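J.: Each residue of the sequence shown is one higher than the one before, starting from 1083 at the first, in this note's numbering.
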Amino acid sequence: MRKGLITHMATALFSITLSVTLTLFVLSKQVSIVTVDPKRLINDYQQELAKTSKPIEWQADRLVRFTQVMEQSISDYAQEHSVTVLVSPAVASHELDITSDIRGRIIQDYREGQ
1083 MRKGLITHMA TALFSITLSV TLTLFVLSKQ VSIVTVDPKR LINDYQQELA KTSKPIEWQA
1143 DRLVRFTQVM EQSISDYAQE HSVTVLVSPA VASHELDITS DIRGRIIQDY REGQ
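Encoded structure:
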């Protein structure tokens, strides 16, 4: 009987310790949310491409590359700043919009690649 009581007490103590630890962990890992408008970035880039006299195939290749750089830039930003990035139209609140920051990162990537 005493062994059963000790087991129950140990289990209760473990449960309380685990609960407190998890609560503290969750509270310390509050995630900030930022937004980005990828459609705006893509539309702006498409307009710039349309001003060129390059063939459609070339423009399509450049747009694919732009999209890849944009996705990587967003991922890098999220990791560097420990934030969750959501698409602007999907967010009803007024979170920080990082679209301009991402545009700057894309421009920097293109400059470094040339």
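Think of the CB as a built atom: it goes at the ideal place given N, C-alpha and C, for glycine as much as any other residue. As the structure is a computational prediction, the values presented were derived from the model and not from experiment.
1) From which residue to which residue does the alpha helix (DSSP H) around V1151 run?
2) Thinking L1123 and M1152 are a contact (beta carbons under 8 angstroms), I'd like their distance in whole angstroms, please.
3) Let me know if V1116 comes out buried or exposed under the rule of 16 or more other beta-carbons within 10 Å of its beta-carbon.
4) Measuring CA to CA, which of E1139, D1191 and P1120 is closest to I1180?
5) Let's test the definition: count the other Cβ atoms within 10 Å of the Cβ of I1156 and tell me whether it reaches 16, buried, or not, exposed.
6) Which residues mark the beginning and the end of the alpha helix (DSSP H) in which S1182 is found?
7) For Q1141, would you say it is in contact with chain D, using Cβ-to-Cβ distances shorter than 7 angstroms as the test?
8) Look up S1170 in the DSSP assignment and say whether it is helix, strand or coil.
9) Using C-beta distances below 7 angstroms, list every residue in its chain close to I1184, excluding the 5 sequence neighbours before and after it, in chain order.
10) Express the C-alpha separation of R1193 and S1170 in angstroms, rounding to a whole number.
T.: From the atom records:
1) For the purposes of this step, residue 1151 is taken as the residue at position 69 of the sequence shown. Taken as a continuous stretch (DSSP letters only), the alpha helix (DSSP H) holding V1151 covers I1138 to H1163.
2) Counting from one through the sequence shown, the residue named residue 1123 turns up at place 41. Counting from one through the sequence shown, the residue named residue 1152 turns up at place 70. Confirmed, Cβ separation roughly 6 angstroms.
3) Within the sequence shown, numbered from 1, the residue matching residue 1116 stands at position 34. Burial call: buried.
4) Taking the sequence shown and counting its residues from 1, one reaches residue 1180 at position 98. Comparing Cα-Cα distances from I1180 to each of E1139, D1191 and P1120, the minimum goes to P1120.
5) Here residue 1156 is taken as the residue at index 74 of the sequence shown, counted from 1. It counts as buried.
6) Numbered from its first residue, the sequence shown carries residue 1182 at position 100. Looking at the DSSP string, the run of the alpha helix (DSSP H) that includes S1182 is T1181 to G1195.
7) Judged by its chain identifiers, the structure shown contains no chain D, having just a single protein chain.
8) Within the sequence shown, residue 1170 is the residue found at index 88, counting from 1. Three-state result, S1170: helix.
9) As a working note, residue 1184 is residue 102 in the sequence shown. Once the five neighbours on either side are set aside, the close Cβ partners of I1184 are V1118, L1123, M1152, S1155, I1156 and Y1159.
10) As a working mapping, residue 1170 is identified with position 88 in the sequence shown. As a working mapping, residue 1193 is identified with position 111 in the sequence shown. Those two C-alpha atoms are separated by around 27 angstroms.
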